[in-house]
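Note that UniProt numbering has the sequence shown beginning at 1, numbered continuously upward.
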Amino acid sequence: MYGFYNRGLRINLSTGRHDVFDIDDSLLARTLGGKGLATHFLLEEGCGGRDPLDPDNLIIFATGPVTGSSVWGSSRYGVFTKSPQTGFYSESYSGGHAPEFMDAAGYDIIIIKGASETPIWIEISDRDVRSHSANDLWGMETYATEDAVRAKVLATSGEKCGPVVIGPAAENLIRFAVIENDYWRSAGRTGVGTVLGSKKVKALAFHGHARRPIADPELLREFGKSITARAKDDKGVQTYKRVGTSGLVDLLNEVGGFPSRYWQTGRVAHRESINSTALHTRCTVVPKACAKCLMACGRLSTVKDGPRSGLTVEGPEYETIYAFGGLCEIRNIEDVIYLNDLCDRLGMDTISAGNLAALAIEATRRGRIEGSLDYGDVEGVADLLRDIAARRGHGEVLSQGIRHAAAMWDMEDMAVHVKGLEPAGYDPRALKGMGLAYATSDRGACHLRATFYKPELSGMVDPRSSADKGAVFKKWEDRLTYFDMLILCRFYRDMYQWAELATITRAVTGLDLNEEDMIRLASEVADNTRRFNLREGLNRSNDKLPVALTSHPLPETGYSISHDEVDTMVRDYYRARKWDELEGNPDDYDEFSELDSNMNGGAQ
1 MYGFYNRGLR INLSTGRHDV FDIDDSLLAR TLGGKGLATH FLLEEGCGGR DPLDPDNLII
61 FATGPVTGSS VWGSSRYGVF TKSPQTGFYS ESYSGGHAPE FMDAAGYDII IIKGASETPI
121 WIEISDRDVR SHSANDLWGM ETYATEDAVR AKVLATSGEK CGPVVIGPAA ENLIRFAVIE
181 NDYWRSAGRT GVGTVLGSKK VKALAFHGHA RRPIADPELL REFGKSITAR AKDDKGVQTY
241 KRVGTSGLVD LLNEVGGFPS RYWQTGRVAH RESINSTALH TRCTVVPKAC AKCLMACGRL
301 STVKDGPRSG LTVEGPEYET IYAFGGLCEI RNIEDVIYLN DLCDRLGMDT ISAGNLAALA
361 IEATRRGRIE GSLDYGDVEG VADLLRDIAA RRGHGEVLSQ GIRHAAAMWD MEDMAVHVKG
421 LEPAGYDPRA LKGMGLAYAT SDRGACHLRA TFYKPELSGM VDPRSSADKG AVFKKWEDRL
481 TYFDMLILCR FYRDMYQWAE LATITRAVTG LDLNEEDMIR LASEVADNTR RFNLREGLNR
541 SNDKLPVALT SHPLPETGYS ISHDEVDTMV RDYYRARKWD ELEGNPDDYD EFSELDSNMN
601 GGAQ
């Protein structure tokens, strides 16, 4: 089928064997690769009820039909497993240049099962799959690991490669470890790095020369030209090029939804020392793009002066600024960069790390734990991050996630999370639709499944109202689920409406889908994801916001969100999804045996 290799790779680490298997066109037409295909295999081959760190837990790497093509925003890969943070569905995505190498290895999906007895790294190309000892890499930070793996592959094959790696945090099985590539790009949420660490896989290195067949190269070229032309005058594209995501600091402070002082306030007094202006005046900033991207939203930032002089990261992104600059009240951008760099080297999620550090600050202030950690204490937070990665002192408790720490310190009424995953930097008391997003997300509190902050911040929907949000949210979620099936960058959401997605799909795969067809496919993926979570023990009580948010208004504005408001939005959402209104269970369904006649034309 056009747009696919029609093959997958299974690796069993316990036996040391691997096999290549065929993927038929009917399955690819139903799932379109990416999240759809990975969710299918998690349901079919995953072991329900197992601990996420059990060797039998699958971890799946997937690309989409657009990966490796000329489609703008297509240099992405996804990682899918059962989350060690939540115990539920886990998906995490990353960009950069590594996805191009992953795609060139010639597989639509790579399924890894079992665990190695000793540390290894795996080399995957379009010619072979090889396992190598990683004894010399174990304990290395992420940047050094990438450099070492690149050098090893180049020395033996003569080819450049795209490594994805874990750091010491994943080796030590902290629950929110990431998989990193291109130094600063991360599959950063839900603990996918921890699962790889439990299997003793330090890195995977991809290379090769495979290319996906494209159904209509000329249509794809013309489409690319039209998007390039539109982007020149697109305000969103130009904003990403100019300031990246750091511009959200001022915007969220203005609306009173910038989570600060561990979710107790919605604004910070030191905004001007951590915002986009601070970043671009106190650092040398060079825009940096993933492969196949015209936005260059990345900020390659080098600190100009002071004790952090010369320190370089790609970032910090808005979420990292909020997590440390807001929740922990770190008061200048240089120190946020310092903590960002430390998390990247150790291989841990900055959102969870900042949330947990701020929880520890509150635990200290309230006498629940001993120590002197406080808001604005840069070195204290840095030491805590190192302790988390090494699992020592208070870091041992925090390494096992927010639910564990809150229970150990008797702070469950204050802990802010959904299903064990901490929210991103959009306070749902100011943006009520984000409350629905956090409550219903399949992977725990997540801002990216529908990016519903966009219509709320832009005035497309009323952020202060909870009325009729379920159906509108479902529409946004369906389109962005389709993004994850193809695996496209979220920041192209304004450029790629359903009409553009139909053109991309037709040009790449040959499938001629209308909007109704695409919504139906995306809805099936949403249903299957929900089925996975229900199998793993999810129930209606998990789709809620924490009491810390529903019981306490924001002091500056008085904005609030009640349990009843969240419950009403969740029920409306269930109804829009045609799930059981009380429990959120999808109706039984028969899988497609073949697509409708208007979906023909994709077979090669």
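Glycine included, each C-beta is placed from N, C-alpha and C at the ideal position.
Shorter than 8 Å from the beta carbon of residue i to some beta carbon of chain B?
i: TYR318; result: Absent from the structure: chain B. Only one protein chain is present.
Does DSSP put residue i in a helix, a strand or coil?
i: ALA269; result: coil
i: HIS280; result: helix
i: TYR77; result: strand
i: LEU421; result: strand
i: VAL129; result: strand
i: LEU300; result: strand
i: ILE388; result: helix
i: MET187; result: Note on residue identity: the sequence assigns Ala, not Met, to residue 187. Here ALA187 sits in strand by DSSP.
i: THR67; result: coil
i: MET348; result: strand
i: ARG7; result: strand
i: LYS86; result: What sits at residue 86 in the sequence shown is Thr, not Lys. Looking at THR86 - three-state DSSP - the assignment turns out to be coil, as it is neither helix nor strand.
i: VAL461; result: coil
i: TRP498; result: helix
i: VAL237; result: helix
i: VAL286; result: strand
i: PRO55; result: coil
i: HIS124; result: The residue asked about is misnamed: residue 124 is Ile in this sequence, not His. ILE124: strand per DSSP, three-state reduction.
i: GLU117; result: coil
i: SER135; result: In the sequence on display, residue 135 carries Asn and not Ser. Residue state, collapsed to three classes: coil.
Taking the beta carbon of residue i as the centre, do at least 16 other beta carbons fall within 10 Å, making it buried, or is it exposed?
i: CYS47; result: exposed
i: VAL20; result: exposed
i: SER74; result: buried
i: residue 607; result: An answer regarding residue 607 cannot be provided, because it is not within the stretch 1 to 604 covered by the chain.
i: GLU100; result: buried
i: GLU334; result: buried
i: ASN539; result: exposed
i: LEU582; result: exposed
i: GLY558; result: exposed
i: VAL286; result: exposed
i: LEU595; result: Residue placement at LEU595 is flagged as unreliable, the pLDDT there being 38, under the threshold of 50; a coordinate-derived value is accordingly withheld.
i: ARG230; result: exposed
i: THR15; result: exposed
i: LYS199; result: buried
Suppose you measure from the CA of residue i to the CA of residue j; what does that come to, to the nearest Å?
i: PRO455; j: VAL461; result: 6 Å
i: HIS417; j: ARG443; result: 11 Å
i: HIS280; j: VAL268; result: 19 Å
i: HIS394; j: MET408; result: 11 Å
i: LYS202; j: ASN12; result: 16 Å
i: VAL153; j: CYS161; result: 7 Å
i: ARG429; j: ASP410; result: 24 Å
i: HIS447; j: ARG212; result: 31 Å
i: LEU137; j: VAL566; result: 47 Å
i: TYR589; j: LEU521; result: Here TYR589 scores only 34 on pLDDT, less than 50, and its place in the model is too uncertain to base an answer on.
i: SER309; j: ASP341; result: 13 Å
i: GLY95; j: ARG189; result: 14 Å
i: ILE274; j: PHE473; result: 31 Å
i: CYS290; j: HIS97; result: 6 Å
i: GLY354; j: TYR375; result: 11 Å
i: VAL547; j: CYS283; result: 39 Å
Starting from residue i, follow the beta strand (DSSP E) in both directions and report where the run begins and ends.
i: ASP19; result: 17-22
i: LYS113; result: 109-113
i: TYR89; result: 89-94
i: LEU204; result: 201-206
i: ALA62; result: 59-62
i: PRO163; result: 162-165
i: VAL313; result: 312-314
i: ILE179; result: 179-181
Return the first residue and the last residue of the alpha helix (DSSP H) that residue i is part of.
i: GLY36; result: 34-45
i: ILE519; result: 515-535
i: ILE227; result: 217-231
i: ASN253; result: 248-255
i: HIS394; result: 394-399
i: TYR574; result: 563-577
Check whether the stretch 25-35 touches the stretch 51-68, counting contact only when three or more Cβ pairs, one atom from each stretch, lie closer than 8 Å. yes
For the 8 Å Cβ check, are there 3 or more pairs between the stretch 134-143 and the stretch 335-353? yes
Tell me whether the stretch 503-522 and the stretch 530-546 touch, counting them as touching only if at least three CB pairs, one residue from each stretch, are closer than 8 Å. no
I'd like to know if the stretch 89-107 and the stretch 214-226 are in contact, where contact means that at least 3 CB-CB pairs between them fall below 8 Å. Contact fails between the stretch 89-107 and the stretch 214-226, because fewer than three Cβ pairs, one in each stretch, are under 8 Å apart.
Are at least three pairs of beta-carbons, each pair with one atom in the stretch 119-136 and one in the stretch 78-87, less than 8 Å apart? no
Three or more C-beta pairs closer than 8 Å, one from the stretch 269-278 and one from the stretch 300-309: is that the case here? no
Contact between the stretch 171-190 and the stretch 381-393 is defined here as three or more beta-carbon pairs at a separation below 8 Å; is this criterion met? yes
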